[in-house]
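Chemist: Sharing a structure here in structure tokens format.
Protein chains: 2
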Amino acid sequence: MRQIIEDLPGSKIREVANAALGRSDVLAFWFGESDETTPDFIREAAVRSLAEGETFYSHNLGLPELREAIARYTSSLHRPVSAARIAVTSSGVNALMLAMQALVGPGDEVVAVVPVWPNLTAQPAILGARVTRLALRAEGGAWRLDLDALRKAVTPQTRVLIVNSPNNPTGWTFTRAEHEAVLTHCRTTGTWIVADEVYERIYFGGAQGICAPSFLDFAEPDDRLLVVHSFSKSFLMTGWRLGWIVSPRALEAGFAKLIEFNTSCAPVFVQRAGIAAMARSEAFVPGLAQRLRLCRDALLPRLAALPSVTVAEPDGGLYVFFRVQGQADSLALAKRLVAEAGLGLAPGAAFGSEGEGWLRWCFASRDPERLVEGAERLAAFLRL
Amino acid sequence: MRQIIEDLPGSKIREVANAALGRSDVLAFWFGESDETTPDFIREAAVRSLAEGETFYSHNLGLPELREAIARYTSSLHRPVSAARIAVTSSGVNALMLAMQALVGPGDEVVAVVPVWPNLTAQPAILGARVTRLALRAEGGAWRLDLDALRKAVTPQTRVLIVNSPNNPTGWTFTRAEHEAVLTHCRTTGTWIVADEVYERIYFGGAQGICAPSFLDFAEPDDRLLVVHSFSKSFLMTGWRLGWIVSPRALEAGFAKLIEFNTSCAPVFVQRAGIAAMARSEAFVPGLAQRLRLCRDALLPRLAALPSVTVAEPDGGLYVFFRVQGQADSLALAKRLVAEAGLGLAPGAAFGSEGEGWLRWCFASRDPERLVEGAERLAAFLRL
Chain G
27 MRQIIEDLPG SKIREVANAA LGRSDVLAFW FGESDETTPD FIREAAVRSL
77 AEGETFYSHN LGLPELREAI ARYTSSLHRP VSAARIAVTS SGVNALMLAM
127 QALVGPGDEV VAVVPVWPNL TAQPAILGAR VTRLALRAEG GAWRLDLDAL
177 RKAVTPQTRV LIVNSPNNPT GWTFTRAEHE AVLTHCRTTG TWIVADEVYE
227 RIYFGGAQGI CAPSFLDFAE PDDRLLVVHS FSKSFLMTGW RLGWIVSPRA
277 LEAGFAKLIE FNTSCAPVFV QRAGIAAMAR SEAFVPGLAQ RLRLCRDALL
327 PRLAALPSVT VAEPDGGLYV FFRVQGQADS LALAKRLVAE AGLGLAPGAA
377 FGSEGEGWLR WCFASRDPER LVEGAERLAA FLRL
Chain U
27 MRQIIEDLPG SKIREVANAA LGRSDVLAFW FGESDETTPD FIREAAVRSL
77 AEGETFYSHN LGLPELREAI ARYTSSLHRP VSAARIAVTS SGVNALMLAM
127 QALVGPGDEV VAVVPVWPNL TAQPAILGAR VTRLALRAEG GAWRLDLDAL
177 RKAVTPQTRV LIVNSPNNPT GWTFTRAEHE AVLTHCRTTG TWIVADEVYE
227 RIYFGGAQGI CAPSFLDFAE PDDRLLVVHS FSKSFLMTGW RLGWIVSPRA
277 LEAGFAKLIE FNTSCAPVFV QRAGIAAMAR SEAFVPGLAQ RLRLCRDALL
327 PRLAALPSVT VAEPDGGLYV FFRVQGQADS LALAKRLVAE AGLGLAPGAA
377 FGSEGEGWLR WCFASRDPER LVEGAERLAA FLRL
């Protein structure tokens, strides 16, 4: 195993989850997924496809029907996008890896806005790039982007800027003005933007309604921009491993090759499920987002009421990110919470040193009562 | 898109297939898959899993049950292998990409035995390695490994030797003596072997019966050896994207990380299909191999009888690789065969310059009569 792989930290979230192995009494909120099963109408599409015998190799870039459906969906939310700009991938993380392979080679400079899901910074490292971390800044419980710091960090030597908004774990979400400022700057430096926007439909902001601000609202079709998406969060399809990339048209042939060399294609029966999801997206996704808002609202005031907790309302995403006074070691705290309170949270350190001292709570749940029970366990633990 | 990606050749097989778009009269034998649907008992396992709601994230390295089943399967064919040495991957090609990421970095030297499926040489190129091609040698229609040339090509500077046996496209298959010579040499140079053995069960040799010789027959558990496998060929599961890697135990944690950063996991319902396949492997695979032998035997004598054709019996795999006298440009010939004979074959040049002048015919078919009809079309074309 190459040293660079050995040096990548293992998942601290899994380390906490492993500490709970064999215990059925732990309320787990550590992973970024709901406990709700994929809707029937999506599963049924896959079952029909299997029954019809769709078990063969398929197009590298995805079924034309699915690419068209994703293009229509994207165009309905943002500026118009053609199917030629859509590449179907074997999950969102796979889409990110393909984006990195397309852009990043040995010695390239990459800037990542952090704290962030660790996969985003591990991928360029695997490909031999140098990753500079640009920290969001916590003000009370809320996180903010320092645009001046970003303009200083992203130079003509910067090959790629990686940014995830709505952000996992902090909930920070780009404003339109910040978006425009970042794109304007990256145009001057010639820097590619890889934007992980998988949480765009889980957005609690007012004016935009049911979709977070996106680079795709205003970027030109040939801007140096790759937007990465997934069916996982908006359609309760975490286990299906289906995602997509929106790219400039000129990259279509390159992504076909990269997909061939990475996974060749997504299973057709999984893509049929994606087509079914797209066909009923507006009947399903806003309702899910509304239920997730209720989850957030069940949890947030209970955390905010705890005197030692610092927390703010997330703009989007599935997570509440908070800190507990006097608790600097988030991994140790998360393990104690499992052992002593039966509460499973993700340690902020899993998202980089910038998240140290914080905890991430995934509030996606079928039953908001689970969140209430979890908050009570935390309260009892803190009163110990 | 990075220049190195732009420079990778697109698939010449797809180029031929694209030339047939919109034509329903072409008998296609260009892709490496059967026209037979995945068996019912395998599809049913996936359907059951979906009905039970197994739509969530799963273990990076695969369900423990599947890893155990693959370990038992491997141990029944070769030397004993523990489940800790098995990593479940999102297809065979994904397994190969993970193997390359584990071993190969910028500037590393890689030797690949060719002609070969082009993905095997594209992957290290994407990662910045230098790839040296070591050619099998054609003697009449048969291909042979030059062991002396291999010993010269693989030096202490060689990080990885890539070898695919039974070989796609030539049908060449390692003998046990060759296997041992190669491993012995690589031990002295400290070179890792990445062995693509996905066709091991499609083997027509006598003594070994229903499994081709494998490095796993005699290698030590901690040899520098990664063996890559797939459910695609042995179980008619091309479209499912499920494979695995057999590695030394010490690489387990590293592969868990790499899988996390590439696709995170294979879908659970796809893994359930894999478990079902493994449970009935010996009731299914030998029968499939026998039917494929009948396919080969339907095709081969008909090709051999054509005066301008040079061909030999493949030792294993799904392909007959042959050349036509006076036809040096395999891509042009393959396109003419589509246009003028309604016959779809893969051009040898798709597998590197060493395959130029040859054609690959995938003989995996439900109905051997399709092969007979195809051979008649070729015969008619050559008599033109």
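Line by line, the protein sequences are chains G and U.
Start counting the first sequence at 27; every next residue gets the next number (the working numbering).
Start counting the second sequence at 27; every next residue gets the next number (the working numbering).
C-beta: ideal position from N, C-alpha, C; glycine also.
Quick one: is U:Leu371 buried, meaning 16 or more other Cβ sit within 10 Å of its Cβ, or exposed?
Modeler: Residue 371 of chain U sits at position 345 when you count from the first residue of the second sequence. With 16 or more Cβ atoms within 10 Å of its Cβ, U:Leu371 is classed as buried.
Chemist: Is G:Trp266 helix, strand or coil when you go by DSSP?
Modeler: Stepping through the first sequence from its first residue, residue 266 of chain G is reached at position 240. DSSP places G:Trp266 in helix when its eight states are reduced to three.
Chemist: Do U:Gly131 and G:Gly231 have their C-beta atoms within less than 8 Å of each other?
Modeler: For this step, residue 131 of chain U is matched to residue 105 along the second sequence. For this step, residue 231 of chain G is matched to residue 205 along the first sequence. Going by C-beta atoms, U:Gly131 is not nearer than 8 Å to G:Gly231.
Chemist: Anything in chain G within Cβ reach of U:Lys283, meaning under 7 Å, just list it in chain order.
Modeler: As a first step, residue 283 of chain U must be located in the second sequence, where it is residue number 257. Under the 7 Å cutoff, chain G gives Ile31, Leu34 and Gly36.
Chemist: Counting C-beta neighbours from all protein chains within 10 Å, is the total for G:Gln149 16 or more, i.e. buried, or is it exposed?
Modeler: For the purposes of this step, residue 149 of chain G is taken as the residue at position 123 of the first sequence. When all chains shown are included, G:Gln149 counts as buried.
Chemist: Please name the residue in U:Ala97, U:Leu187 and U:Glu204 whose C-alpha comes closest to that of U:Ala238.
Modeler: Along the second sequence, one-based indexing puts residue 238 of chain U at 212. Checked all of U:Ala97, U:Leu187 and U:Glu204; the closest Cα to U:Ala238 is U:Glu204.
Chemist: Between the Cα of G:Val139 and the Cα atoms of G:Leu262, G:Ile188 and G:Val398, which residue gives the shortest distance?
Modeler: Residue numbering aside, residue 139 of chain G sits at position 113 when the first sequence is read from its first letter. Selected option, being the one with the closest Cα: G:Ile188.
Chemist: Who pairs with G:Thr210 in a beta bridge, going by DSSP?
Modeler: Taking the first residue of the first sequence as position 1, residue 210 of chain G is located at position 184. Paired residue(s): none; G:Thr210 is not in a bridge.
Chemist: Going straight from the alpha carbon of G:Cys388 to that of U:Ala315, what length do you get?
Modeler: Position 362 of the first sequence, counting from 1, holds the residue named residue 388 of chain G. Position 289 of the second sequence, counting from 1, holds the residue named residue 315 of chain U. Their backbone Cα atoms lie some 49 Å apart in a straight line.
Chemist: Taking the C-alpha atoms as reference points, what is the distance between G:Thr289 and U:Asn145?
Modeler: Against the first sequence, residue 289 of chain G aligns to sequence position 263. Against the second sequence, residue 145 of chain U aligns to sequence position 119. Straight-line Cα distance between these residues: approximately 10 Å.
Chemist: Helix or strand or just coil, what does DSSP make of G:Gly58?
Modeler: In the first sequence, residue 58 of chain G corresponds to position 32, counting from 1. For G:Gly58, the three-state secondary structure derived from DSSP is coil.
Chemist: Closer than 8 Å, Cβ to Cβ, to anything on chain G: give me those residues from the segment 62–75 of chain U, in chain order.
Modeler: Thr63, Thr64, Arg69, Ala72 and Val73
Chemist: Identify, in the order they occur along the chain, each residue of the same chain with its Cβ nearer than 6 Å to the Cβ of U:Ser260, setting aside the five sequence neighbours on each side.
Modeler: Your numbering for residue 260 of chain U matches position 234 in the second sequence. Taken in chain order, the residues that qualify are Arg227 and Val311.
Chemist: Does the segment 248–262 of chain G come within contact of the segment 209–223 of chain G, defined as at least 3 CB pairs closer than 8 Å?
Modeler: yes
Chemist: In three-state terms, what does DSSP make of G:Asp222?
Modeler: Locating residue 222 of chain G in the first sequence gives position 196, counting from the first residue. The answer is strand: DSSP assigns G:Asp222 an E or B state.
Chemist: Flag G:Glu223 as yes if its beta-carbon sits less than 8 Å from any beta-carbon of chain U, otherwise no.
Modeler: The residue labelled residue 223 of chain G in the question sits at position 197 within the first sequence. No, no contact with chain U.
Chemist: So the alpha helix (DSSP H) U:Ser101 belongs to, where does it begin and stop?
Modeler: One-based indexing of the second sequence puts residue 101 of chain U at position 75. Per DSSP, U:Ser101 belongs to the alpha helix (DSSP H) from Pro90 to Leu103.
Chemist: Have a look at G:Val346, G:Leu160 and G:Gly342 and flag the residue whose alpha-carbon is nearest the alpha-carbon of G:Thr201.
Modeler: Sequence index remark: in the first sequence, residue 201 of chain G carries index 175 (1-based). The shortest C-alpha separation from G:Thr201 is found at G:Gly342.
Chemist: Taking 8 Å as the CB-CB limit, is G:Ile112 close to chain U?
Modeler: Translated into the one-based positions of the first sequence, residue 112 of chain G becomes position 86. It does not: the Cβ of G:Ile112 has no partner Cβ on chain U nearer than 8 Å.
Chemist: Out of U:Ala179, U:Ala331, U:Tyr345 and U:Ser117, which one is the CA nearest neighbour of G:Tyr83?
Modeler: By 1-based counting over the first sequence, the position of residue 83 of chain G is 57. Closest option to G:Tyr83, Cα to Cα, is U:Ser117.
Chemist: Do you know offhand how far U:Ser273's Cα is from G:Trp56's?
Modeler: As a first step, residue 273 of chain U is located in the second sequence; it is residue number 247 there, counting from the start. As a first step, residue 56 of chain G is located in the first sequence; it is residue number 30 there, counting from the start. If you take the alpha carbons of U:Ser273 and G:Trp56, they lie about 30 Å apart.
Chemist: Using a Cβ-Cβ cut-off of less than 7 Å, list which residues of the segment 365–379 of chain G approach chain U; keep chain order.
Modeler: none
Chemist: If you run the structure through DSSP and keep just helix, strand and coil, what is U:Ile236?
Modeler: By 1-based counting over the second sequence, the position of residue 236 of chain U is 210. In the displayed model, U:Ile236 falls within coil according to three-state DSSP, outside both helix and strand.
Chemist: Give me the Cα-Cα distance between U:Ala109 and G:Leu320, rounded to the nearest whole angstrom.
Modeler: Residue 109 of chain U sits at position 83 when you count from the first residue of the second sequence. Residue 320 of chain G sits at position 294 when you count from the first residue of the first sequence. Cα to Cα, the separation comes out at about 43 Å.
Chemist: Give the residues from the segment 288–316 of chain U that approach chain G closer than 8 Å (Cβ to any Cβ), ordered along the chain.
Modeler: Asn288, Thr289, Ser290, Cys291, Ala292, Pro293, Val294, Phe295 and Val296
Chemist: Can you list, in chain order, the residues of its chain with a C-beta nearer than 8 Å to that of G:Ala43? Leave out the 5 residues immediately preceding and following it.
Modeler: As a first step, residue 43 of chain G is located in the first sequence; it is residue number 17 there, counting from the start. If we look at G:Ala43 and ignore the five residues flanking it on each side, its Cβ neighbours are Ala54, Trp56, Phe57 and Gly370.
Chemist: Which of the residues in the segment 139–156 of chain U, read from start to end, lie with their CB under 8 Å from any CB of chain G?
Modeler: Asn145, Ala148, Gln149, Ile152, Leu153 and Gly154
Chemist: Roughly how many whole angstroms lie between the Cα atoms of G:Ala77 and U:Arg69?
Modeler: Working through the first sequence from its first residue, we reach residue 77 of chain G at position 51. Working through the second sequence from its first residue, we reach residue 69 of chain U at position 43. Spanning the two alpha carbons is a distance of roughly 8 Å.
Chemist: For my contact list, G:Leu359 and G:Gln353 are in at a C-beta cut-off of 8 Å; report their separation, rounded to the angstrom.
Modeler: One-based indexing of the first sequence puts residue 359 of chain G at position 333. One-based indexing of the first sequence puts residue 353 of chain G at position 327. Correct: roughly 5 Å between the Cβ atoms.
Chemist: With a threshold of 7 Å on Cβ separation, who are the neighbours of U:Ala245 within its own chain once the five nearest residues in sequence on each side are excluded?
Modeler: Taking the second sequence and counting its residues from 1, one reaches residue 245 of chain U at position 219. Leu209 and Leu251, listed in sequence order.
Chemist: For the alpha helix (DSSP H) containing U:Cys321, name the first residue and the last one.
Modeler: In the second sequence, residue 321 of chain U corresponds to position 295, counting from 1. Unbroken alpha helix (DSSP H) run through U:Cys321: Ser307 to Ala330.
Chemist: Nearest to G:Gly133 by CA position, among G:Gly79, G:Ile152, G:Leu122 and G:Ala125, is which residue?
Modeler: Counting from one through the first sequence, the residue named residue 133 of chain G turns up at place 107. For G:Gly133, the nearest C-alpha among the options comes from G:Ile152.
Chemist: Along the chain, where does the beta strand (DSSP E) that runs through G:Ile188 open and close?
Modeler: Mapped onto the first sequence, residue 188 of chain G falls at position 162. Thr184 to Asn190 is the extent of the beta strand (DSSP E) around G:Ile188.
Chemist: Using the DSSP secondary-structure output, state which residues sit across from G:Ile112 in a beta bridge.
Modeler: Residue numbering aside, residue 112 of chain G sits at position 86 when the first sequence is read from its first letter. Answer is G:Val272, bridged to G:Ile112.
Chemist: How is G:Pro394 classed by DSSP in three states: helix, strand or coil?
Modeler: Numbered from its first residue, the first sequence carries residue 394 of chain G at position 368. It is helical.
Chemist: Note down the Cα distance separating U:Arg185 from U:Val136, rounded to an integer number of angstroms.
Modeler: The sequence position of residue 185 of chain U within the second sequence is 159, counting from 1. The sequence position of residue 136 of chain U within the second sequence is 110, counting from 1. Looking at the two C-alpha atoms, the distance is approximately 6 Å.
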